[in-house]
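Have a look at the structure below before the remarks.
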Amino acid sequence: MNVARSIALFVVAALLEIGGAWLVWQGLREHRGRLWVGAGFLALGLYGVVATFQSDENFGRILAAYGGVFVAGSIAWGMVADGYRPDRYDITGALVCLAGMAVIMYAPRGR
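Remember, this note's numbering sits 3 above the position in the sequence shown when you count from 1.
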């Protein structure tokens, strides 16, 4: 699988997981109702499906790499959806996580 397709899958997975969790949060914590919660559950389920399209055979590697995307994506989501303003440590931490993701997922391996 090429790296661009893999990154696109990670981005879609992040949108589904972070968006799904946000919808559940909105439904429960912000009292927006069951429809929001249900939509969140659907999105979270679809996140699990999208993750299976990564070509690597190792679930643990894919999920570990996705963790870096999740960290950075969560900060970005908070900025867009909730007006969150990350500080330099948030940004630095997210970049470190993305660098770790790249090493885990795309480092050359002797296969």
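Where a beta carbon is used, it is the ideal one built from N, C-alpha and C, also for glycine.
Inter-residue spacing [alpha-carbon to alpha-carbon] between residue i and residue j
i: Ala17; j: Gly76; result: 6 Å
i: Gly113; j: Gly71; result: 24 Å
i: Leu101; j: Ile78; result: 12 Å
i: Arg64; j: Ala110; result: 12 Å
i: Trp25; j: Gly43; result: 7 Å
i: His34; j: Thr55; result: 33 Å
i: Asn5; j: Leu98; result: 22 Å
Contact check, residue i vs residue j, beta carbons under 8 Å
i: Val40; j: Leu49; result: no
i: Gly81; j: Tyr87; result: yes
i: Ile107; j: Ala68; result: yes
Nearest neighbour of residue i, chosen from the options [CA to CA]
i: Gln1; options: Ala42, Ala84 and Val15; result: Outside the modelled stretch of the chain, which goes from 4 to 114, sits residue 1, for which no answer is possible.
i: Gly23; options: Ala46, Ala84, Arg8 and Val6; result: Ala46
i: Phe73; options: Ala7, Gly103 and Trp28; result: Gly103
i: Trp28; options: Asp85, Leu66, Phe13 and Asp59; result: Asp85
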